[in-house]
Amino acid sequence: MDTTDALDPLDRPDHLGPLDRLIAERACERLVVEFVRRLDLGEPGDVAELFTPDGLWEWAEGDRRIEGRDALRTYFAGRPADRLSRRLCTNILVTLTSASTATASTYFTTFRVDGHTGGMLPPRLPVQVGRYEDTFRLAEGRWRLAAG
-12 MDTTDALDPL
-2 DRPDHLGPLD
8 RLIAERACER
18 LVVEFVRRLD
28 LGEPGDVAEL
38 FTPDGLWEWA
48 EGDRRIEGRD
58 ALRTYFAGRP
68 ADRLSRRLCT
78 NILVTLTSAS
88 TATASTYFTT
98 FRVDGHTGGM
108 LPPRLPVQVG
118 RYEDTFRLAE
128 GRWRLAAG
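Numbering of the sequence shown is given in the numbering used here, commencing with residue -12 and proceeding in unit increments.
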């Protein structure tokens, strides 16, 4: 059975017009890109603002599960100051699951150097290659990460 059958008729993704669907998908895609940009080039703790108030970050490696904006801010802000990282994200596929929720699958490759003191570096192998599985929800008037 299609899970959208159980939704309120006005919250079904097929209730959205093509433009509204495109805008929602693009907003979620942009969240993925903004998330990695803030981690790589901004203040890592600022990624917490991209999450819903009850947002969740899970990472299988190291058994990490961080819940809520304050905990997310503390966790991501704890990243070493001398860490240089660059994440490449591709094949971002957003799927609306209702008019106010969505999921996305994103392939990623992470390059990282700890102890970076500045300047250009010779090429290095990636430290991670994988796939993000994210969920999104309309909250506080805009699309936000609900779980990543």
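For glycine and all other residues, C-beta sits at the position ideal for the given N, C-alpha and C. Given the structure is predicted, the values throughout are model-derived calculations rather than measurements.
Secondary structure within the stretch 44 to 99: the alpha helix (DSSP H) runs of 4 or more consecutive residues, fully enclosed, are 56 to 64 (chain order).
For Asp121, the closest C-alpha among the options Leu80, Ala11, Asp101 is that of Leu80. Around Asp33, the same chain offers Arg25 as residues with beta carbons nearer than 6 Å, after the five sequence neighbours per side are excluded. Under the three-state reduction of DSSP, Leu125 is assigned to strand.
Arg124 is classed as buried because its beta carbon has at least 16 other beta carbons within 10 Å across all chains shown. Taking the C-beta atoms as reference points, Arg56 is found nearer than 7 Å to Pro40. As computed with DSSP, Val23 is found in no beta bridge at all. Just so you know, the alpha carbons of Glu30 and Thr84 end up roughly 31 Å apart. Between Leu59 and Trp44, the C-beta spacing is below 7 Å.
Per DSSP, the beta-bridge partners of Ala134 are Leu43, Thr122.
Close CB contacts of Leu108 within its chain, under the 7 Å cut and outside five residues either way in sequence, are with Val100 (chain order).
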